[in-house]
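Structure, as structure tokens:
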Amino acid sequence: MNTPSKNPTFPSLRILPVDRLVPHEKCDELRTLSLIERLKAEKILRNPPIVAPMQDAQGNYVVLDGANRTRAFQTMDIPHILVQVVWPGEPGLNLKTWNQVALGATHDELLAQFGDIPGLMVKLDGGKRLLSDSVDGRSVIQIHLPTGEVYTVFAPTSDLQCRVEILNIIMDRIGKCARMDRTHLDSIDSLTNMYSDLAGLLVFPRFKNEEIIQLASARQMIPAGITRFIISPRALRVNYRLSELSSEKSLVEKDEALKSWLHVRVTRKGVRSYDETTVLFDE
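Each residue of the sequence shown is one higher than the one before, starting from 413 at the first, in our numbering.
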């Protein structure tokens, strides 16, 4: 289980020490607390976090999806966690970007959150989107207002870590004056009838897989709810017992137990893969 799965249609599942997982994005503390209560009640891990090897001397893994689950395990002092391992460059791994809807603030309040940050340049745009842009430019964020104005914020440098630091400052400020909701929509016109208190649509430049690993290696996290990793195949509804992960068994013993558990699930036809797009109603 230390190398990419020989079966590209079956996810690579492993048990890893929680302290070897490095998040690339900030956690949502409220969601983490709610998740802890759910884990305690259900006593299972439904969906394993998605991780990728950082290939550093410590053998760490960057958490691509599942920052809140990882934080919950750390808070609960569970030493090991079941994960799905993917490798950068795999054809089944794609990185997209969420947009975010800002709610409950005035337009002026929204624009005021980055007005006094030194070195920033704010440009009133003619509607150009940043969705196809890489994060290797100077663009940090784009704000679309319901009135039709589009403001693009540029950092004073193209340095990746500098721009992510500025993005964190901006999103921390916006989070104090507005509620946030993720969306895949990139047109504010599509949102005006969905939200009565719409303040604006926040659009972010796209990151690359290697940039996420670079930031994680520097222990610099991006704001929550921006990166959207699409993984195929994706392991869901694994429902692995927390008692197995929290036991005093060694990591080797737990990994062997996982192999046996997987063998039983597969041979008893307890694993099913769907080729078609699947919509879940029990999240």
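Using N, Cα and C, we set each Cβ at its ideal position, and we do this for glycine too.
* **residue 534 versus residue 478: straight-line alpha-carbon distance, rounded** => Near 33 Å, if we compare the C-alpha coordinates of residue 478 and residue 534.
* **For residue 565 and residue 614, believed in contact at Cβ under 8 Å, the rounded distance** => Contact flag wrong, Cβ pair sits at about 10 Å.
* To do: Please check the pair residue 669 and residue 656, which I expect to be a contact at CB under 8 Å, by giving their CB distance rounded to whole angstroms.
  => Going by Cβ atoms, the distance from residue 669 to residue 656 rounds to 6 Å, so yes, they are a contact pair.
* Counting pairs of beta carbons, one from the stretch 567–576 and one from the stretch 494–507, are three or more of them closer than 8 Å? -> Contact annotation: the stretch 567–576 does not touch the stretch 494–507, with fewer than three C-beta pairs closer than 8 Å.
* Asked: Using CA coordinates, which residue listed in 671, 551, 527 and 511 is at the minimum distance from residue 598?
  -> When each option's Cα is compared against that of residue 598, the closest is 511.
* Is there at least one Cβ from chain D nearer than 8 Å to residue 513's Cβ? -> The structure shown contains no chain D; it is built from a single protein chain.
* Asked: Residue range of the alpha helix (DSSP H) that residue 666 falls in?
  -> First-last of the alpha helix (DSSP H) with residue 666: 663–679.
* Anyone know if the C-beta pair for residue 593 and residue 513 falls short of 8 Å? -> In this structure, residue 513 lies closer than 8 Å to residue 593 by Cβ.
* **Boundaries (first-last residue) of the alpha helix (DSSP H) holding residue 482** => Going by DSSP, residue 482 is part of the alpha helix (DSSP H) stretching over 479–487.
* Supposed close pair residue 587, residue 519 - CB separation, criterion 8 Å -> Between residue 587 and residue 519 the beta-carbon gap is near 17 Å, outside 8 Å, which marks them as no contact.
* Just checking my contact of residue 469 with residue 444 at CB under 8 Å: how many whole Å lie between their CB atoms? -> Cβ-Cβ separation between residue 469 and residue 444: approximately 29 Å, too far for a contact (criterion under 8 Å).
* Would you kindly check if the distance between the Cβ of residue 635 and the Cβ of residue 437 is under 8 Å? => Going by C-beta atoms, residue 437 is nearer than 8 Å to residue 635.
* Local Cβ density within 10 Å of residue 675, reported as buried at 16 or more and exposed below that -> Around the Cβ of residue 675, a 10 Å sphere holds fewer than 16 other Cβ atoms; the residue is exposed.
* **residue 556 - partner residues in DSSP beta bridges** => 562 and 613, per the DSSP bridge assignment.
* **Same chain, Cβ closer than 6 Å to residue 584, neighbours up to 5 away in sequence not counted** => Excluding its 5 nearest sequence neighbours in each direction, residue 584 has no C-beta neighbour in its own chain below 6 Å.
* To do: Compute the distance between the beta-carbons of residue 456 and residue 663, then report whether it is under 8 Å.
  => At the C-beta level, residue 456 and residue 663 stay beyond 8 Å of one another.
* Between the beta-carbon of residue 526 and the beta-carbon of residue 582, is there less than 8 Å? -> Taking 8 Å as the Cβ cut-off, residue 526 and residue 582 qualify as a contacting pair.
* residue 452: buried (16+ other C-beta within 10 angstroms of its C-beta) or exposed? -> It is exposed - the Cβ of residue 452 has fewer than 16 other Cβ atoms within 10 Å.
* Asked: Around the C-beta of residue 630, are 16 or more other C-beta atoms found within 10 angstroms, so that it is buried, or is it exposed?
  -> When all chains shown are included, residue 630 counts as exposed.
* To do: With DSSP as the reference, label residue 628 as helix, strand or coil.
  => Here DSSP, grouped into helix, strand and coil, assigns residue 628 to helix.
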